[in-house]
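Novice: There's a structure below that I have some questions on.
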Amino acid sequence: MNETEIRNQIIRKLSEIETQEHVRILHAVESGSRAWGFASPDSDFDVRFIYIHEKDWYLKLNPERDVIEYQLDDVYDVNGWDLQKTLKLLYKSNPTVFEWSASPIVYQTSAYFQDFKKFLPEYFSPKTGAYHYLSTARHNYHAYCEKEQVRLKKYFYVIRPLLACYWILEYQTTPPMLFSDLRILPQAQEIEPLIDSLLEIKTQTSELGTGDKIPELDNWIHQQFEITEQIIASAPEAENRNWNKLNSAFLQSFLSWNNY
679 MNETEIRNQI IRKLSEIETQ EHVRILHAVE SGSRAWGFAS PDSDFDVRFI YIHEKDWYLK
739 LNPERDVIEY QLDDVYDVNG WDLQKTLKLL YKSNPTVFEW SASPIVYQTS AYFQDFKKFL
799 PEYFSPKTGA YHYLSTARHN YHAYCEKEQV RLKKYFYVIR PLLACYWILE YQTTPPMLFS
859 DLRILPQAQE IEPLIDSLLE IKTQTSELGT GDKIPELDNW IHQQFEITEQ IIASAPEAEN
919 RNWNKLNSAF LQSFLSWNNY
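Residue 679 is where the sequence shown starts when you use my numbering, and the numbers rise one by one after that.
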């Protein structure tokens with residue numbers, strides 16, 4: 679299938695979710711390597727969405743699951759978060775919320791979510807975000823890049839969060855999703871030839887492409903781990919946030935139910 683057919687199929691899947699789960703999807707995006715701008719020819723589609731139930735669902739005494747996992751196979755990875763869960767995580771400055779709102783590939787959205795996006799920056803904590811991306815980079819490196827033979831695409835799962843970390847420390851804002859935007863940073867230019875080489879391999883080979891470890895890149899990664907840890911540790915803590923706008927946003931979602 680071509681990209682238009684895939685997109686139409688994803689939109690149909692989102693409609694099926696609304697019908698089967700009795701929810702309204704407020705925003706649905708691509709969140710993986712396709713949204714980052716370095717997909718392989720056979721990369722899967724990482725579809726993420728934020729949804730809301732009808733009001734009575736939230737008034738039950740027994741807690742219900744606040745995640746929908748619709749499909750996971752070689753082509754699609756489709757799952758989403760309930761709005762209440764999303765707002766609680768936003769209060770904690772969870773970076774995933776900011777990434778979903780910034781994805782360049784939007785499958786479905788709503789006027790409500792576009793209004794909701796306007797106050798997202800008020801809940802962004804640079805220190806929390808930087809630690810998240812540093813932790814992600816470390817986890818991915820230890821999980822995927824310590825063997826002699828490496829799935830080469832996994833290097834990007836280390837490089838991108840490291841650059842996102844530097845973006846936050848430099849600009850005190852949420853990092854862009856596209857890897858091409860992160861490449862303007864001086865830290866990326868230090869390894870520009872290696873990045874170009876890896877991108878060429880990744881965009882032309884399958885997800886299973888492997889190769890020898892790259893010592894020069896490994897050395898750069900370890901150096902960045904040490905440098906960023908020191909910078910983040912000395913960064914100021916986030917100012918206290920309040921629940922007022924999040925509570926209002928949650929209540930407004932019910933008033934807007936029929937306008938999605």
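Just so it is clear, CB atoms sit at the ideal spot from N, CA and C, and this is done for glycine as well.
Can you tell me where the alpha helix (DSSP H) with G807 in it begins and where it stops?
Specialist: Start at 1 with the first residue of the sequence shown, and residue 807 comes out as number 129. Its alpha helix (DSSP H) spans residues 804 to 822.
Novice: By Cβ distance below 7 angstroms, which residues in the same chain neighbour Q630 in space, the five residues on each side in sequence not counted?
Specialist: There is no way to answer for residue 630, as the model of the chain reaches only from 679 to 938.
Novice: Determine the burial state of D724: buried for a count of at least 16 other Cβ atoms within 10 Å of its Cβ, exposed for fewer.
Specialist: Residue mapping note: residue 724 aligns to position 46 of the sequence shown, counting from 1. D724 should be labelled buried.
Novice: In chain order, what residues of the same chain lie with their CB nearer than 7 angstroms to the CB of L877, ignoring the 5 residues before and after it?
Specialist: In the sequence shown, counting from the first residue as 1, residue 877 sits at position 199. Excluding positions up to five away in sequence, the list reads F716.
Novice: Return the first residue and the last residue of the beta strand (DSSP E) that L750 is part of.
Specialist: Counted from its first residue, the sequence shown places residue 750 at position 72. Note, L750: beta strand (DSSP E), 745 to 750.
Novice: Can you tell me which of I688, S931, P853 puts its alpha carbon nearest to the alpha carbon of L750?
Specialist: For the purposes of this step, residue 750 is taken as the residue at position 72 of the sequence shown. Nearest of I688, S931, P853 to L750, Cα basis: I688.
Novice: Is the CB-CB distance between W759 and V707 below 7 angstroms?
Specialist: Indexing the sequence shown from 1 puts residue 759 at position 81. Indexing the sequence shown from 1 puts residue 707 at position 29. No, the pair does not count as a contact, with Cβ atoms beyond the cut-off.
Novice: Where does W921 sit, in a helix, a strand or coil, going by DSSP?
Specialist: Locating residue 921 in the sequence shown gives position 243, counting from the first residue. The answer is coil: DSSP assigns W921 none of H, G, I, E or B.
Novice: When DSSP builds the beta bridges, which residues end up paired with W708?
Specialist: Working through the sequence shown from its first residue, we reach residue 708 at position 30. Reading off the sequence shown, one finds Glu at residue 708, where the question assumed Trp. The partner list for E708 (beta bridge, DSSP) reads V725.
Novice: Sorted by chain position, which residues of the same chain lie with C-beta nearer than 8 angstroms to E826's C-beta, five sequence neighbours on each side aside?
Specialist: The count along the sequence shown starts at 1 and reaches residue 826 at position 148. Around E826: D890, K891.
Novice: So who's on the other strand from D755, going by DSSP bridges?
Specialist: Working through the sequence shown from its first residue, we reach residue 755 at position 77. For D755, which the question treats as bridged, DSSP gives the partners D724, L750.
Novice: Taking the alpha-carbon positions, what's the K805 to P839 distance?
Specialist: Mapped onto the sequence shown, residue 805 falls at position 127. Mapped onto the sequence shown, residue 839 falls at position 161. Using only the alpha carbons, I get a separation of about 14 angstroms.
Novice: Taking the CB atoms as reference points, tell me whether T906 and C843 lie closer together than 7 angstroms.
Specialist: Stepping through the sequence shown from its first residue, residue 906 is reached at position 228. Stepping through the sequence shown from its first residue, residue 843 is reached at position 165. Yes, these two residues count as a Cβ contact at 7 angstroms.
Novice: Taking only runs of the beta strand (DSSP E) that begin and end inside the region 820 to 906, which ones reach a length of at least 3 residues, in chain order?
Specialist: Entirely contained in the region 820 to 906, the beta strand (DSSP E) runs reaching 3 residues are, in chain order, 827 to 829, 888 to 890.
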